[in-house]
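For reference, the structure is listed below as structure tokens.
Protein chains: 2
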Amino acid sequence: MADTQVEEVAQKIQEVVLDENGQPLSKNALKKLEKERLKKERSEKDAKARQEKAQAQSSAAVDYSKDFYGKKPINRSEDRPGIKRESLADISAARAGEKVWIRARVQTSRPTGNKMCFFQFRQNSSTIQGLVVFDDTAISKQMVKFAQNISSESIVLVEGTIAKPLEPVKSCTVQDAEIMITQLFVTSEAQGRLPFSLEDASRPEAEFDREDTQFAKVNLHTRLENRVFDLRTITNQAIFRLQHAVCKLFRDFLESKGFMEIHTPKILGAASEGGANVFKVKYFDTEAFLAQSPQFYKQMVVCGDFERVFEIGSVFRAENSFTHRHMTEFIGLDLEMAFEEHYHEILDVFDELFVHIFTGLETTYAADLEVVHRQYPFEKFEFLPKTLRLEYHEAVALLRENGVEMGDYDDLSTEVERKLGQLVKEKYKTDFFMLDKFPLEVRPFYTMPDPKNPKYSNSYDFFMRGEEILSGAQRIHDPDYLIERAQVHGVDPSSIKSYVDAFRMGAPPHGGGGIGLERVLFFYLNLGNIRRASLFPRDPRRLLP
Amino acid sequence: MADTQVEEVAQKIQEVVLDENGQPLSKNALKKLEKERLKKERSEKDAKARQEKAQAQSSAAVDYSKDFYGKKPINRSEDRPGIKRESLADISAARAGEKVWIRARVQTSRPTGNKMCFFQFRQNSSTIQGLVVFDDTAISKQMVKFAQNISSESIVLVEGTIAKPLEPVKSCTVQDAEIMITQLFVTSEAQGRLPFSLEDASRPEAEFDREDTQFAKVNLHTRLENRVFDLRTITNQAIFRLQHAVCKLFRDFLESKGFMEIHTPKILGAASEGGANVFKVKYFDTEAFLAQSPQFYKQMVVCGDFERVFEIGSVFRAENSFTHRHMTEFIGLDLEMAFEEHYHEILDVFDELFVHIFTGLETTYAADLEVVHRQYPFEKFEFLPKTLRLEYHEAVALLRENGVEMGDYDDLSTEVERKLGQLVKEKYKTDFFMLDKFPLEVRPFYTMPDPKNPKYSNSYDFFMRGEEILSGAQRIHDPDYLIERAQVHGVDPSSIKSYVDAFRMGAPPHGGGGIGLERVLFFYLNLGNIRRASLFPRDPRRLLP
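Protein chains in written order, with my numbering: chain A, 404 to 948; chain B, 404 to 948.
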């Protein structure tokens with residue numbers, strides 16, 4: 404400030420500033436005063452600038468947290484220090500004070516000012532709250548800022564101390580503990596915008612259906628287009644653990660009954676059952692077909708003296724349909740067995756098998772059922788300790804009593820099957836039953852006719868909640884009779900030669916059935932669409948991902 | 404005989420027949436004599452004819468066994484009397500005197516005169532001797548004749564009394580007991596000539612190789628053409644029980660380590676890895692591909708937060724090769740897992756897994772191993788409690804020390820792999836080892852390079868008896884880096900878009916590997932050809948049965 408300025412200021416101040424006797428100060432006195440004030444102001448400003456500069460320099464140099472956060476380079480297995488990662492499910496208030504490392508996804512983060520950040524971390528179906536809180540010695544503001552900028556779904560490596568929150572963390576599965584973060588590294592960053600929010604994708608269907616809903620429903624198409632991301636919802640985590648469970652229960656039971664696991668070929672030289680709905684494969688210089696069922700081959704294995712066999716494998720159907728219960732590829736749980744006297748021996752095995760599966764789900768996998776139930780509510784699946792077996796004519800009678808018009812030997816439409824399921828549920832209190840003795844005419848050529856009434860056959864379907872999940876029969880094990888029946892059905896015996904030949908060297912009476920794995924899940928869990936029960940479903944329009 | 408004849412005869416006899424005084428008999432005396440003789444002859448003949456007629460009539464009318472043997476009509480499940488069938492394996496001398504029913508195949512039958520027939524009955528891998536012996540009250544000659552005419556491989560239903568034979572029946576697995584047959588029914592007749600003898604088909608290979616052998620060797624082609632029949636040999640019964648065992652041991656171990664079973668699609672919209680050796684499928688109006696490996700999909704499932712997964716499923720390779728170790732379709736035992744620090748965590752899991760499988764085979768399935776060993780002799784499979792891990796450069800050094808000329812980063816030929824197997828066996832006394840740190844250049848684009856030497860990679864193969872049975876690696880889990888590496892390998896990133904996209908929403912470091920089920924059996928059991936380890940093998944020329 405130049406002296407002229409000082410003079411001007413002194414002039415103005417003179418008008419208002421009085422000395423201790425109430426008289427205005429002299430101009431010189433004022434000048435002096437202003438000079439002193441300016442000097443002080445300047446020195447204070449300088450000091451502040453210096454201080455700020457020093458502070459800035461010092462904090463950049465000694466961000467006291469800088470080694471405790473950041474983005475890690477791609478893990479190329481550089482080293483193996485052997486630090487244990489904790490499972491979220493194992494953390495509880497009882498371990499408060501313990502320091503742990505966890506690897507988890509950032510499900511959500513919530514910044515609070517510039518000194519705090521709340522996280523919800525997720526591992527599979529478990530979630531826990533984590534906090535980054537600024538302090539003078541361990542957590543710098545830079546670290547807080549870094550934390551606040553981590554994108555959802557990134558994978559982080561966290562060190563922290565287990566703490567007991569003031570109130571239970573209701574939004575997390577671990578409610579009585581949280582993590583006070585001491586180190587925080589991003590090991591894999593989620594790029595770009597998420598296709599939808601996992602929260603929305605996990606919401607009960609009913610919440611979208613309310614008139615006043617503010618939520619964006621994630622439709623099935625969007626989910627399947629982004630299936631890898633969609634699989635991360637706790638509901639999907641549970642659905643596929645349950646899929647695993649059904650396979651495991653199926654296998655464990657059958658192994659305990661002397662069944663052996665087999666693997667039959669999926670590329671076939673002849674299209675079974677006349678070639679309808681079969682995918683063709685270019686096979687070197689010739690043409691081959693994808694197996695529509697392992698049935699012929701598991702029968703052949705039975706003729707090869709492996710008398711009780713099962714297979715869990717892919718089944719392919721070139722059906723150009725888009726219903727809620729058809730896919731072009733699914734997993735068949737198949738079994739085939741020789742029997743001694745009567746094909747009902749097979750039904751006895753199936754009966755015990757299904758009761759084993761349903762009971763196993765209810766007991767061992769109750770938590771997963773509960774998770775799915777929250778999103779896709781379903782009535783408890785009812786079943787009887789000894790499964791109801793209805794004969795076809797009884798079902799027809801029951802349907803007729805309830806207004807359905809049909810002939811004795813008519814096939815059941817999907818709609819009528821559902822109606823039957825309802826009627827059976829009302830009358831017998833079960834969501835699962837076996838329908839035996841189907842009309843011969845509606846079954847494939849290899850089905851053994853009923854010995855007493857040639858209009859019926861030794862064949863059966865099983866139903867869950869009124870939808871078919873298994874089809875099976877006693878098969879014809881006599882080669883000449885098999886050819887006779889094939890001809891009746893217009894099947895050229897030469898097209899099934901290697902199948903028929905399997906019975907020429909002696910064959911035991913036998914039968915079995917195939918269960919659609921995804922159907923069992925779909926109907927048990929009431930998922931609304933079979934695609935929800937398949938990791939990467941296939942239909943005529945979906946081949947990706 | 405007319406009188407003139409009598410006279411002629413009398414004339415002749417007169418020349419040689421003398422009376423009691425040494426004088427020839429008079430003609431009349433001779434005539435008389437001859438008449439008496441003829442009368443006696445006639446009456447004897449008549450008596451015999453009458454007796455025979457009476458006997459024949461009586462036995463036809465009262466074949467006292469007629470209800471106890473015969474050919475049964477096709478079992479159509481007419482009734483279910485609930486008669487228990489005994490398992491051959493459960494029969495022993497301790498139960499002598501007990502009456503039992505068995506269902507079995509006639510392996511061989513040996514008639515002895517017209518009053519007896521010996522049988523060798525077979526159930527899976529068990530055999531027992533059975534006897535039909537004529538007696539006056541229970542077993543008629545007709546029944547014996549029926550028994551003698553039953554064709555081998557027919558299925559019979561037998562009632563009999565357990566007896567203790569005078570000497571052990573060395574040709575059967577049940578040696579201290581036999582069945583004295585009281586009822587014998589054919590329930591399914593083997594038609595025509597058997598393609599080969601099961602006895603020949605079960606003979607140790609060495610017996611055919613002897614110079615003086617009188618046996619007809621059953622070659623692999625003939626076996627596979629008649630596979631259903633071939634599967635009945637006790638050796639094949641054992642091989643496929645062992646196949647079941649490997650799957651079971653694999654699964655049980657992984658389940659105990661928190662792995663979940665998954666099922667990924669086999670029909671794909673994009674050919675992985677550039678489209679070589681991939682089968683094409685006509686998929687409605689478009690084209691699809693058969694999965695050459697579940698790898699991309701199991702990685703995607705890991706990115707979907709199922710962190711430890713396994714799959715047992717079909718794998719398809721359109722390789723136009725006819726080696727002893729290639730098939731166009733086989734069963735992959737695959738696993739994939741996220742790891743925390745280092746891909747050697749995966750090798751640790753594999754290590755424990757294989758030791759679990761090998762130990763399980765030796766202990767629980769020793770009897771089956773012994774059966775296979777008789778036909779296909781193999782040296783005991785040696786393995787270490789902690790599996791040997793060699794690095795590639797160490798293997799190269801070992802090979803060079805032993806005269807193999809190769810560069811540091813050259814791939815291993817099949818021949819060199821075998822040589823390495825021998826050298827490792829000599830040096831480390833193991834038939835199983837892991838070869839780690841393969842040269843980057845010989846591995847697929849998604850393989851993570853080694854962090855210290857970019858010429859190597861974080862990838863590995865496992866070997867059994869010098870043959871590769873598993874290939875695996877740490878995979879690149881960063882999408883940008885993955886694209887970079889794909890381009891280096893000439894893979895168009897747009898062809899793998901949905902795969903790369905799986906890593907964009909954050910992906911944990913992960914890896915895994917795929918085991919060829921049939922290879923494990925083939926090499927463990929030294930079967931000489933992988934086709935022997937597959938129920939219905941597929942190669943470029945074999946699609947049937």
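All residues carry an ideal CB built from backbone N, CA and C; glycine is no exception.
Per DSSP, the continuous beta strand (DSSP E) segment holding A:Phe692 begins and ends at Thr689 to Leu693. Under the Cβ distance rule, A:Asp449 does not count among the residues neighbouring chain B, no pair being separated by less than 8 angstroms.
In the DSSP assignment, A:Asp737 forms a beta bridge with A:Glu714 and A:Gly917. Closer than 7 angstroms at the C-beta level to chain B, one finds these residues of the region 581-592 of chain A: Ser591 and Glu592. Beta-bridge partners of A:Phe925 (DSSP): none assigned. Linking A:Asp883 to A:Asp853 through their CA atoms gives a straight-line distance of about 17 angstroms.
Contacts with chain A at 8 angstroms (Cβ-Cβ) do not include B:Glu489. Residue ranges of uninterrupted beta strand (DSSP E) with 3 or more members, entirely inside the region 499-583 of chain B and ordered along the chain, are 502-515, 519-526, 529-536 and 558-566. Within the DSSP secondary-structure output, B:Asp864 pairs in a beta bridge with B:Leu838 and B:Ser874. Within the region 624-643 of chain B, Val631, Phe632, Leu634, Arg635, Gln640 and Phe643 place their CB atoms closer than 7 angstroms to a CB of chain A, listed in sequence order. Counting along the chain, A:Val684 sits inside the beta strand (DSSP E) bounded by residues Lys683 to Tyr686. When the beta-carbon positions are compared, B:Ser468 and B:Val577 stay at least 8 angstroms from each other. At a C-beta separation below 7 angstroms, B:Ala691 has these neighbours in chain A: Leu946. The Cβ atoms of B:Val649 and B:Ile760 sit closer than 8 angstroms to each other. Rounded to the nearest whole angstrom, the C-alpha separation of B:Arg728 and B:Glu921 is 9 angstroms.
Taking all protein chains in view, the Cβ of B:Ser897 is surrounded by fewer than 16 other Cβ atoms within 10 Å, so the residue is classified as exposed. The beta-carbon of B:Met908 is placed less than 8 angstroms from the nearest beta-carbon of chain A.
By the beta-carbon neighbour count (other beta carbons within 10 angstroms, threshold 16), B:Phe618 is exposed. Judged by DSSP in its simplified three-state form, A:Lys855 adopts coil rather than helix or strand. Contact with chain B is absent for A:Val621, since none of that chain's Cβ atoms lies less than 8 angstroms from the residue's Cβ. Here B:Met519 has Val536 as same chain residues with Cβ atoms under 6 angstroms from its own Cβ, once five neighbours each way along the sequence are excluded.
When DSSP reads this structure, A:Asp942 sits in a beta bridge with A:Arg945.
For A:Lys573, the closest of A:Gln545, A:Gln532 and A:Ile542 by C-alpha to C-alpha distance is A:Gln532. Taking the Cβ atoms as the reference, B:Thr731 lies roughly 19 angstroms from A:Ile665, outside the contact range of under 8 angstroms.
If you check each beta-carbon in the region 834-846 of chain A against every beta-carbon of chain B, none falls closer than 7 angstroms. Between the C-alpha atoms of B:Asp688 and B:Ser901 there is a straight-line separation of about 21 angstroms. The C-beta of B:Pro847 has 16 or more other C-beta atoms within 10 Å across all chains shown, which makes the residue buried. Counting along the chain, B:Leu597 sits inside no beta strand (DSSP E), nor does DSSP assign it H or E at all. If you compare the alpha carbons of A:Ile899, A:Pro842, A:Glu501 and A:His796 with that of A:Ala566, the shortest gap goes to A:Glu501.
Sequence-distant partners of A:Ser512 (beyond 5 residues in either direction) whose C-beta falls short of 8 angstroms from its own C-beta, in its chain, are Cys520, Phe521, Phe522, Gln523, Ala550, Gln551, Ile553 and Ser555. Ranked by Cα distance from B:Asp579, the first of B:Glu739, B:Leu657, B:Ala507 and B:Arg498 is B:Arg498. Scanning its chain for C-beta atoms nearer than 8 angstroms, with the 5 sequence neighbours on each side dropped, one finds around A:Gly914 the residues Glu739, Met740, Phe742, Tyr746, Ile749, Met851, Asn861, Gly875, Ala876, Gln877 and Arg878, in chain order. In the DSSP assignment, A:Arg644 falls outside any beta strand (DSSP E) and lies within the alpha helix (DSSP H) extending over Ile637 to Ser659. Looking at the DSSP output, B:Gln586 shares a beta bridge with B:Glu562.
Excluding residues up to 5 positions away in sequence, Phe865, Gly916 and Ile918 lie with their Cβ nearer than 6 angstroms to the Cβ of A:Leu873 in the same chain. In the structure shown, the three-state DSSP call for B:Tyr467 is coil.
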